[in-house]
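Asker:
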């Protein structure tokens, strides 16, 4: 049985198959991770763990081209963006290496009763990570870096279409000097993952993926009283409240929608534009989207490659066609995809009665909405079942901050696209999941915040 396969989305060619783990393999992985936890958390101090993370960062940098080529081959990301993904990972591992000791300092508590008290942060044990295909290295770094710094050990189940990324990462962690079992890749089936979560040696699970997968993992984790962090879908808004430079606003909107081939949870999928700017924005945005043509992702300078798979292409095309059948207006795109190359598409006149109003569009498709007031903009933005992030465009900072405060999301970026960084917490609310990764909060999820009081 070969559930793990590399199928190049740019050509449709199957390049390699990898067999799934046997049940014995899974048990060995659990035993190895549990054994390594005792060594990694107790015998290696935070300075030693930080040194290993610095080496992980250096090896990402050294292997940048090879890692980027794997990403392009597995999921079709344009090569320049694949290199950028590796660079971001370097920053994340360095960030936690540099800051782990400070994040883990004892936190004193003032106590009127006298004596002293403090919070000491300690690891939990073996953690399971279930990672997606759209950022094969970055998503892993967000989960793994803070938890290895803390002293937890990792079982990593990657997406079935990313086995080469999975193996390259496992090799990299071994070469960085981590003890055997501190980071273990498992080519597990869904049934095996359920067994892993249930195993008493596992203390927590983090998933980045779909709502359906998140619900299944949360149910399994809850049944066994395990901590869980979920980063799920998103239908982020790009709010244009006002601007003195509509061309820049359009340029940012295109970048927010087409980055990662439009397949980012926090991509700008809904453009919400004030009435006095709407007509000009739609005209220029549709033209700018049309000008971006899908290209061979291996070529330097390509901005948009193929969608990740034939099924992803088929599902997105069905969503667009249903929206048109229900009355949406096509402003750009709409041609049948050639293989997995999906032309940038713009829809308008979408209403709450249409399915697409409530759905996530995972690909280079944007919906533009017209609003007449700040209140209407906020109401439309919050009408989504998702609550991951938002971008607010305005030259009036007090207004932008006021709107940001009212948005039901986990992250707001004002006048900025692609502002994610190692020190900035990442995560959402509502059906976008719960918990945070990155920043200091990334080390406050899978941790025992132990109270120690001395009288």
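Residue numbers (our numbering): 594 to 1048.
No residue lacks a Cβ here, since even glycine has one placed at the ideal position from N, Cα and C.
Since this is a predicted model, take the numbers as computed values, not measurements.
#1: Under 8 Å between the Cβ atoms of residue 732 and residue 739?
#2: Mark residue 900 as exposed unless 16 or more other C-beta atoms lie within 10 angstroms of its C-beta, in which case mark it buried.
#3: Among 728, 977 and 741, which one has its Cα closest to the Cα of residue 954?
#4: Quick one: which unbroken beta strand (DSSP E) runs of 3-plus residues sit fully inside the region 978-1032? Chain order, please.
#5: Need the endpoints of the beta strand (DSSP E) that residue 722 sits in, please.
#6: Give the DSSP-derived three-state secondary structure of residue 803 in the structure shown.
#7: When we look at the beta-carbon of residue 986 and count the other beta-carbons within 10 Å, is it buried (16 or more) or exposed?
#8: Helix, strand or coil: how does DSSP classify residue 754 here?
#9: Restricting to Cα atoms, I'd like to know which of 706, 761 and 921 is closest to residue 653.
#10: For the beta strand (DSSP E) that residue 662 lies in, which residues bound it at each end?
#11: So, for residue 791: in the same chain, excluding its five sequence neighbours on each side, which residues have a beta-carbon less than 6 Å away from its beta-carbon?
#12: Are the Cβ atoms of residue 1030 and residue 1021 separated by less than 8 Å?
#13: In the DSSP assignment, the alpha helix (DSSP H) including residue 784 goes from what residue to what residue?
#14: Identify, in the order they occur along the chain, each residue of the same chain with its Cβ nearer than 8 Å to the Cβ of residue 1043, setting aside the five sequence neighbours on each side.
#15: Cutting at 8 Å between CB atoms, please list the residues of its own chain near residue 834, excluding the five before and the five after it.
#16: Suppose you measure from the CA of residue 974 to the CA of residue 913; what does that come to, to the nearest Å?
#17: For residue 676, is the classification buried or exposed, using 16 other Cβ atoms within 10 angstroms of its Cβ as the cut-off for buried?
#18: Taking the beta strand (DSSP E) that residue 629 falls in, what are its first and last residues?
#19: Can you tell me whether DSSP reads residue 613 as helix, strand or coil?
#20: Report yes or no: do the region 928-937 and the region 806-822 share at least 3 C-beta pairs separated by less than 8 Å?
#21: Who are the near neighbours of residue 1036 in its chain, counting only those whose CB is closer than 6 Å to its CB and skipping five residues on each side?
#22: Using the three-state DSSP reduction, which class does residue 634 fall into: helix, strand or coil?
#23: In the structure shown, what three-state DSSP assignment does residue 904 receive?
#24: Would you tell me roughly how many angstroms separate the C-alpha atoms of residue 1045 and residue 794, rounded to the nearest one?
#25: Is residue 613 near residue 848, with beta carbons less than 8 Å apart?
#26: Report buried or exposed for residue 773, applying the criterion of at least 16 other Cβ atoms within 10 angstroms of its Cβ.
#27: Is it true that the CB of residue 909 sits closer than 8 Å to the CB of residue 958?
#28: My understanding is that residue 718 touches residue 692, with C-beta atoms under 8 Å, so please give their C-beta distance in whole angstroms.
#29: For residue 715, list the residues DSSP reports as bridge partners.
#30: Let me know if residue 829 comes out buried or exposed under the rule of 16 or more other beta-carbons within 10 Å of its beta-carbon.
#31: On the three-state DSSP scale, how would you describe residue 886?
#32: Could you have a look at residue 594 and say whether DSSP puts it in helix, strand or coil?
#33: Compute the Euclidean distance between the alpha carbons of residue 594 and residue 610, then round it to the nearest angstrom.
#34: Using the Cα positions of residue 723 and residue 707, report the straight-line distance between them to the nearest angstrom.
#35: Once the 5 residues before and after residue 771 are set aside, which same chain residues still bring their CB inside 7 Å of it?
#36: Kindly confirm or deny that the region 887-902 and the region 661-679 touch, where touching means at least three C-beta pairs closer than 8 Å.
Answerer: Straight from the coordinates:
#1: Translated into positions along the chain shown, residue 732 becomes position 139. Translated into positions along the chain shown, residue 739 becomes position 146. No. Outside cutoff.
#2: Translated into positions along the chain shown, residue 900 becomes position 307. The residue is buried, with at least 16 neighbouring Cβ atoms inside 10 Å.
#3: As a position in the chain shown, residue 954 is number 361, starting the count at 1. Residue 977 is the option with its Cα nearest to residue 954.
#4: With a minimum length of 3 residues, the continuous beta strand (DSSP E) runs that stay inside the region 978-1032 are 982-986 and 1004-1007.
#5: Counting from one through the chain shown, the residue named residue 722 turns up at place 129. Run containing residue 722: 719-723, per the beta strand (DSSP E) assignment.
#6: To locate residue 803, count along the chain shown from 1; it is residue 210. Here residue 803 sits in coil by DSSP.
#7: For the purposes of this step, residue 986 is taken as the residue at position 393 of the chain shown. The residue in question, residue 986, is buried, as its Cβ has 16 or more Cβ neighbours within 10 Å.
#8: Here residue 754 corresponds to residue number 161 of the chain shown, with the count starting at 1. Note: residue 754 maps to coil in three-state DSSP.
#9: Your numbering for residue 653 matches position 60 in the chain shown. The candidate whose alpha carbon is nearest that of residue 653 is 761.
#10: What you label residue 662 is simply residue 69 of the chain shown in a count that begins at 1. Annotation for residue 662: no beta strand (DSSP E) segment contains it, though the alpha helix (DSSP H) segment containing it runs 657-668.
#11: Residue mapping note: residue 791 aligns to position 198 of the chain shown, counting from 1. Once the five neighbours on either side are set aside, the close Cβ partners of residue 791 are 817.
#12: Counting from one through the chain shown, the residue named residue 1030 turns up at place 437. Counting from one through the chain shown, the residue named residue 1021 turns up at place 428. When the beta-carbon positions are compared, residue 1030 and residue 1021 stay at least 8 Å from each other.
#13: In the chain shown, counting from the first residue as 1, residue 784 sits at position 191. Counting along the chain, the alpha helix (DSSP H) containing residue 784 begins and ends at 783-791.
#14: On the chain shown, position 450 is the one that residue 1043 refers to. Closer than 8 Å at the Cβ level, and outside the excluded window around residue 1043, lie 712, 713, 714 and 715.
#15: Residue numbering aside, residue 834 sits at position 241 when the chain shown is read from its first letter. For residue 834, same chain residues with a beta-carbon under 8 Å away, outside a window of 5 residues either side, are 867, 967, 970, 985, 986, 987, 989, 992, 993 and 996 in chain order.
#16: As a working mapping, residue 974 is identified with position 381 in the chain shown. As a working mapping, residue 913 is identified with position 320 in the chain shown. Counting only the Cα atoms, residue 913 lies some 20 Å from residue 974.
#17: Along the chain shown, one-based indexing puts residue 676 at 83. Looking at its Cβ environment, which holds 16 or more other Cβ atoms inside 10 Å, residue 676 is buried.
#18: Residue numbering aside, residue 629 sits at position 36 when the chain shown is read from its first letter. Per DSSP, residue 629 belongs to no beta strand (DSSP E); it is in the alpha helix (DSSP H), 616-631.
#19: Residue 613 sits at position 20 when you count from the first residue of the chain shown. Coil at residue 613, not helix or strand.
#20: The region 928-937 is not in contact with the region 806-822.
#21: Position 443 of the chain shown, counting from 1, holds the residue named residue 1036. Here the set comprises 696, 739 and 743.
#22: Within the chain shown, the letter at position 41 stands for residue 634. Residue 634 falls in the helix class under three-state DSSP.
#23: Here the question's residue 904 lines up with position 311 in the chain shown. Helix, per DSSP.
#24: Within the chain shown, the letter at position 452 stands for residue 1045. Within the chain shown, the letter at position 201 stands for residue 794. So the two alpha carbons sit approximately 25 Å from each other.
#25: For the purposes of this step, residue 613 is taken as residue 20 along the chain shown, with counting starting at 1. For the purposes of this step, residue 848 is taken as residue 255 along the chain shown, with counting starting at 1. No, the Cβ-Cβ distance between residue 613 and residue 848 is not below 8 Å.
#26: Stepping through the chain shown from its first residue, residue 773 is reached at position 180. Under this definition residue 773 is an exposed residue.
#27: Locating residue 958 in the chain shown gives position 365, counting from the first residue. Locating residue 909 in the chain shown gives position 316, counting from the first residue. Residue 909 sits close to residue 958, with the two beta carbons spaced by under 8 Å.
#28: Counting from one through the chain shown, the residue named residue 718 turns up at place 125. Counting from one through the chain shown, the residue named residue 692 turns up at place 99. About 22 Å separates the two Cβ atoms, so there is no contact after all.
#29: The count along the chain shown starts at 1 and reaches residue 715 at position 122. The partner list for residue 715 (beta bridge, DSSP) reads 1041.
#30: If you number the chain shown from 1, residue 829 lands on position 236. Buried.
#31: Taking the chain shown and counting its residues from 1, one reaches residue 886 at position 293. Three-state result, residue 886: coil.
#32: To locate residue 594, count along the chain shown from 1; it is residue 1. In this prediction, residue 594 has a pLDDT of 38, which is less than 50 and means its spatial position is unreliable; nothing more can be read from the coordinates.
#33: As a first step, residue 594 must be located in the chain shown, where it is residue number 1. As a first step, residue 610 must be located in the chain shown, where it is residue number 17. Unreliable placement is indicated for residue 594, whose pLDDT of 38 sits below 50; the coordinate value is still reported in the next sentence. Whole-angstrom Cα-Cα distance: 9 Å.
#34: Here residue 723 corresponds to residue number 130 of the chain shown, with the count starting at 1. Here residue 707 corresponds to residue number 114 of the chain shown, with the count starting at 1. Here the C-alpha atom of residue 723 lies approximately 45 Å from the C-alpha atom of residue 707.
#35: As a position in the chain shown, residue 771 is number 178, starting the count at 1. Beyond the five residues adjoining it in sequence on each side, residue 771 comes within less than 7 Å, by CB distance, of 645 in the same chain, given in chain order.
#36: In short, these stretches touch, since the Cβ pair count reaches three.
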